[in-house]
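Quick notes on the structure that follows.
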Amino acid sequence: MVTPATRSLRGFNCANCGAAVELRALTHTVAVACTSCGAILDPRDPTLVILQEAALRQRYTPVIPLGTRGTWQGHPFEVVGFQRRSITVDDEDYGWNEYVLFNPYYGFRYLSEYNGHWNAVRAIRSVPAYSRQGDRPTLRYQDKYFRHFQTAVATTDFVLGEFPWRVRAHDTVETSDFIAPPLLLSLEATGDEKTWSLGEYVPGEQVWEAFKLPGEPPAAEGVFANQPSPYTGTSKFWSAFLILAALLLLLFAGREVTAAREVVYSHVYQFTPSPGEAAFVTDTFQVGSAGTVEIDVDAAVDNSWLYLDLALVNMESGTALNLAREVGYYSGTDSDGAWTEGSRHAEIRLPAVQPGQYYLRVEPEAAGAVRYNLTVRRDVPSLIPYAIAFVLLVIPPILATFRPMAFERARWQESDHAS
Amino acid sequence: MVVRHDVNLSAMGMMSDLPVDSSPIQLGTEGRFDDKPFTVIGRLVYEYENGGWNEWHLAFAGGGSGWLSDAQAEYGVTVLETIDRMLPPAGQANLGWRLDLQHGPLQVTTLTRARYVGFEGELPFAYETTGDVLFADLRGAADVFATIDYSETPPLLFVGRFVEYDDLALRNVRQFEGW
Numbered sequence: 000m001v002t003p004a005t006r007s008l009r010g011f012n013c014a015n016c017g018a019a020v021e022l023r024a025l026t027h028t029v030a031v032a033c034t035s036c037g038a039i040l041d042p043r044d045p046t047l048v049i050l051q052e053a054a055l056r057q058r059y060t061p062v063i064p065l066g067t068r069g070t071w072q073g074h075p076f077e078v079v080g081f082q083r084r085s086i087t088v089d090d091e092d093y094g095w096n097e098y099v100l101f102n103p104y105y106g107f108r109y110l111s112e113y114n115g116h117w118n119a120v121r122a123i124r125s126v127p128a129y130s131r132q133g134d135r136p137t138l139r140y141q142d143k144y145f146r147h148f149q150t151a152v153a154t155t156d157f158v159l160g161e162f163p164w165r166v167r168a169h170d171t172v173e174t175s176d177f178i179a180p181p182l183l184l185s186l187e188a189t190g191d192e193k194t195w196s197l198g199e200y201v202p203g204e205q206v207w208e209a210f211k212l213p214g215e216p217p218a219a220e221g222v223f224a225n226q227p228s229p230y231t232g233t234s235k236f237w238s239a240f241l242i243l244a245a246l247l248l249l250l251f252a253g254r255e256v257t258a259a260r261e262v263v264y265s266h267v268y269q270f271t272p273s274p275g276e277a278a279f280v281t282d283t284f285q286v287g288s289a290g291t292v293e294i295d296v297d298a299a300v301d302n303s304w305l306y307l308d309l310a311l312v313n314m315e316s317g318t319a320l321n322l323a324r325e326v327g328y329y330s331g332t333d334s335d336g337a338w339t340e341g342s343r344h345a346e347i348r349l350p351a352v353q354p355g356q357y358y359l360r361v362e363p364e365a366a367g368a369v370r371y372n373l374t375v376r377r378d379v380p381s382l383i384p385y386a387i388a389f390v391l392l393v394i395p396p397i398l399a400t401f402r403p404m405a406f407e408r409a410r411w412q413e414s415d416h417a418s
Numbered sequence: 000m001v002v003r004h005d006v007n008l009s010a011m012g013m014m015s016d017l018p019v020d021s022s023p024i025q026l027g028t029e030g031r032f033d034d035k036p037f038t039v040i041g042r043l044v045y046e047y048e049n050g051g052w053n054e055w056h057l058a059f060a061g062g063g064s065g066w067l068s069d070a071q072a073e074y075g076v077t078v079l080e081t082i083d084r085m086l087p088p089a090g091q092a093n094l095g096w097r098l099d100l101q102h103g104p105l106q107v108t109t110l111t112r113a114r115y116v117g118f119e120g121e122l123p124f125a126y127e128t129t130g131d132v133l134f135a136d137l138r139g140a141a142d143v144f145a146t147i148d149y150s151e152t153p154p155l156l157f158v159g160r161f162v163e164y165d166d167l168a169l170r171n172v173r174q175f176e177g178w
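Line by line, the protein sequences give chains A and B. Here numbering that gives the first Met the number 0 is used: position 119 in the first sequence is 118, and no number is missing along the way. Here numbering that gives the first Met the number 0 is used: position 97 in the second sequence is 96, and no number is missing along the way.
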C-alpha cells in the first residue's frame with residue numbers, strides 16, 4: 000500500500016555516473032540534476048530512473064554556489080537548484096539565471112538574475128484578474144494593476160541541483176510578464192497548467208549581503224522590465240518650482256510698485272532738414288542712483304520716419320554709451336481696408352547706469368520736419384532679469400519630467416510594446 | 000466508505016509505513032487559524048505523478064474540524080462546506096470551470112489524480128483503501144482556495160484559503176537537523 004522509503008533523506012548516488020547526489024530540499028525535490036554529470040534523476044524512484052542524459056552543450060556556473068545558505072527576507076534559505084533559461088526575440092537570445100531557495104518550514108523561493116538585475120520570486124496562490132485598463136492587457140492583483148510587458152517561449156538550457164517540479168533541459172514554457180515596478184507578475188503555461196509567480200526587483204547588493212558572496216555584484220546593464228525608476232519625485236520638483244515662481248512674481252510685483260520711474264530729463268525738439276550739422280547736445284541731468292535708465296522717443300511722424308543717433312555721455316568720466324533708434328509710422332487704405340505700420344514711440348532700456356551727471360548727444364535724421372520728445376527716466380523696472388530667473392527655475396522640473404520619461408521609454412523598448 | 004459530517008472523531012487505528020516525508024507538521028502540532036486554536040490530530044498522505052502532499056486533520060479548540068494541507072511547504076486551511084447547489088460530476092469540472100461562493104468567484108486551476116498512500120492519527124471518517132481519487136483545485140482572489148474531492152458521490156467541497164507559515168503560529172513542529 001505504501002511505497003517504502005528506500006533512500007536516505009540526504010542523498011544517494013547518481014545512477015548515471017555514481018557521484019554523490021545531495022538532497023538539500025528533503026523529500027520536496029521532484030527532480031535533481033547531478034552536479035557531476037548533469038543527468039537528471041527522480042529521487043523518489045528507488046531505481047533512480049534517469050529522466051534525461053546529460054546532453055548539454057554549455058555549462059553555466061551559478062554565482063551563488065549550491066548549498067550556500069543565507070538569510071533571505073528574514074529567514075534562512077539554502078540554494079538548492081539552479082537553471083539557465085532563455086527566450087528568443089527577433090533572432091536574438093536572451094538568457095537569465097534562476098536559483099531555487101529552500102527552507103523546510105517556509106518552503107521554496109526563487110531568485111532570478113538577468114544582466115545584473117535581480118528579482119526575488121515566489122509562487123502565488125491567487126489568480127490575478129484580467130482587467131481592461133488602457134491600451135494593453137492588464138492584470139489586477141492585490142489592488143495593483145500590472146501591465147503586459149512581454150510574452151515569449153522560454154527554454155530551459157541548463158539545470159543543476161534540485162527542483163520541486165519535474166525539470167528537464169530543453170523544456171519549453173510560454174511565459175507572460177506583467178509589470179507594476181518594482182513588482183513583476185509572471186505566468187508560465189505548459190499545456191493546461193498555469194503557474195503564477197510574483198517577483199520583486201532587488202538590488203544585487205542585497206543578494207550579495209544575504210548570501211555573503213565575495214566582491215561586489217556586477218553592475219546591472221540597461222533598464223529591466225520591473226526596475227523601479229530612480230527618477231522619483233517629479234511632482235516635488237514642480238511643487239518647488241511653483242513656490243519659487245510665485246516668489247519671483249511677488250518680487251517682480253514689489254519692484255513694479257516701488258520703482259521710482261523718475262523723469263530726470265524731458266524736452267521737445269523740432270527737427271528741420273538743413274544742409275548744416277544736425278547734431279547737438281542736451282542740457283545735463285542728474286542720475287541719482289545706480290540702476291536702470293530708460294530713454295523714450297516720441298515723434299510726431301506720419302507716413303515718415305525719424306532716425307536718432309544717441310550717445311549717453313557721463314560728464315565726469317567722459318564715457319559715452321552709443322545708441323540708435325528709428326521710429327516710423329505709416330498708414331493708408333488698400334483693398335483690405337485701412338492699415339497702419341510701425342510706431343511713433345521707441346524706448347531704449349539701459350540695465351545698469353552709474354549715478355552722475357549726464358547729457359545726451361543727439362544726431363537726428365529725417366526726410367522732413369519732425370517734432371519729437373526725448374524723455375530720460377531712472378529706476379524703471381525691467382522684466383528681463385525676472386524672465387531669465389523664470390527660465391532658470393523651470394529647467395530642473397522639466398529635466399525631472401523628461402528623465403523618467405526617457406527611463407520608461409528604455410524600459411518599454413525591451414517589451415512587446417516597443418514604439 | 001462512511002463519512003460522518005457530524006465530525007465524530009474516533010481513532011481509526013495506526014498505520015505504519017508512512018512514506019519518508021519532510022513536512023514540518025506532525026501529530027500534536029498546535030497552531031491557530033483565524034484566531035481559532037487547533038491541534039493536529041490526524042493525517043492523510045497523498046501521492047500523485049509530480050509529488051505528494053499531506054492533509055493534516057485539525058481539531059479546533061471550540062469544536063469542529065478542518066484540514067491543513069501542506070504541499071512542498073505551501074500551506075492552506077480548509078473546512079468541509081455544503082452548498083445549496085449541485086457540484087459537477089467528475090469530468091465536468093474542467094480547468095477554468097467557475098464556482099461562485101460567498102468568498103468570491105473561484106475557478107478550477109488544477110486537476111490532480113492522486114492516491115492515498117497512508118494515514119495516521121484520528122480521521123473524521125473510516126479509512127478505506129481506494130484507487131486514484133480526482134481532486135479539482137479552485138483558486139480565486141485573496142488566497143481563497145477550494146478543493147472538490149471526488150472520492151465520494153456526491154463530491155465533497157472543502158473551502159478555505161492559503162496561509163503563510165508564520166500566520167499559523169505553529170508550536171511543537173518537527174525539527175530538522177541543521178535548521
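Glycine included, every Cβ here is placed at the ideal spot set by N, Cα and C. Note that the structure is predicted; figures quoted are calculated from it, not measured.
GLY50 (chain B) reaches chain A at VAL29, counting residues in chain order whose Cβ is nearer than 7 Å. Taken through DSSP and simplified to helix, strand or coil, SER64 (chain B) comes out as strand.
The three-state reading of DSSP puts PHE284 (chain A) in strand, counting E and B together. Sixteen is the threshold: when 16 or more other Cβ atoms of the shown chains lie within 10 Å of the Cβ of THR108 (chain B), as they do, the residue is buried.
Distance from GLY117 (chain B) to VAL44 (chain B) at the Cβ level is roughly 4 Å; contact confirmed, criterion being Cβ atoms closer than 8 Å. For GLN101 (chain B), no chain A residue has a C-beta closer than 7 Å to its own C-beta; the minimum C-beta separation is roughly 17 Å.
Spatial neighbours of ARG114 (chain B) in its own chain (CB-CB distance under 8 Å, excluding positions within 5 residues in sequence) are listed in chain order as TYR45, GLU46, TYR47, THR129, GLY130, ASP131, VAL132. A straight line joining the alpha-carbon of SER265 (chain A) with that of ASP297 (chain A) spans about 11 Å. In this chain, the beta strand (DSSP E) harbouring VAL152 (chain A) covers 143–162.
TYR329 (chain A) counts as exposed, since fewer than 16 other beta carbons sit within 10 angstroms of its beta carbon.
Listed along chain B, no residue sits closer than 9 Å to TYR144 (chain A) by beta-carbon distance, the nearest being about 14 Å off. According to the DSSP secondary-structure assignment, VAL300 (chain A) is paired through a beta bridge with no residue. Residue environment analysis places GLU161 (chain A) among the buried positions, since at least 16 neighbouring C-beta atoms fall within 10 angstroms of its C-beta. Straight-line measurement puts the Cα of ALA351 (chain A) at about 34 Å from the Cα of THR271 (chain A).
Looking at the DSSP output, THR34 (chain A) sits in no beta bridge, so it has no partner there.
The beta carbon of ALA388 (chain A) sits closer than 8 Å to the beta carbons of LEU247 from its chain, once the five residues preceding and following it are set aside; these are given in chain order.
Nearest CB-CB separation between TYR164 (chain B) and chain A: below the 9 Å threshold. Contact check for TYR371 (chain A) and ALA299 (chain A): beta-carbon distance about 7 Å, within the 8 Å limit, so the pair qualifies.
In terms of beta-carbon proximity, VAL172 (chain B) lines the interface with chain A, with at least one pair separated by less than 9 Å. For the stretch 19–43 of chain B, the set of residues with a beta-carbon nearer than 7 Å to any beta-carbon of chain A comprises VAL19, ASP20, SER21, PRO23, in chain order.
At a cut-off of 9 Å between C-beta atoms, GLN91 (chain B) does not count as an interface residue with respect to chain A. For ARG124 (chain A), the secondary structure class from DSSP, reduced to helix, strand or coil, is coil. Within the stretch 36–120 of chain A, complete beta strand (DSSP E) segments of at least 3 residues are found at 49–51, 68–71, 74–88, 91–102, 106–113, given in chain order.
In the DSSP annotation of this structure, the continuous segment of the beta strand (DSSP E) that includes PHE59 (chain B) starts and ends at 50–59.
Judged by beta-carbon spacing, GLY287 (chain A) lies within the 9 Å limit of VAL263 (chain A), meaning their Cβ atoms are closer than that value. Residues of the stretch 143–163 of chain B with a Cβ closer than 7 Å to any Cβ of chain A, in chain order: PHE144, PHE161. Rounded to the nearest whole angstrom, the CA to CA distance from PRO88 (chain B) to TYR149 (chain B) is 8 Å. Residue state for ALA70 (chain B) is assigned as strand, using DSSP reduced to three classes.
Between PRO396 (chain A) and THR171 (chain A), the CB-CB gap reaches or exceeds 9 Å. For the stretch 92–111 of chain A, the residues whose beta carbon sits under 9 Å from a beta carbon of chain B are, in order, PHE101, ASN102, PRO103, TYR104, TYR105, GLY106, PHE107. For the pair of segments examined, the stretch 95–106 of chain A was found not to touch the stretch 182–192 of chain A: the number of CB pairs separated by less than 8 Å stays below three. Identification of chain B residues near PRO163 (chain A) by a Cβ-Cβ cut-off of 7 Å yields GLN71, ordered along the chain. DSSP lists A:ASN118 as the bridge partner or partners of TYR200 (chain A). Selection A:LYS193, A:HIS344, A:CYS16 evaluated against LEU94 (chain B) yields A:LYS193 as nearest (Cα-Cα). With distances taken between CA atoms, GLY62 (chain B) lies nearest to B:PRO36 out of B:GLU54, B:PRO36, B:ASP69, B:ASP83. Taking a Cβ-Cβ cut-off of 8 Å, the neighbours of THR108 (chain B) in chain A comprise VAL126, LYS193, given in sequence order.
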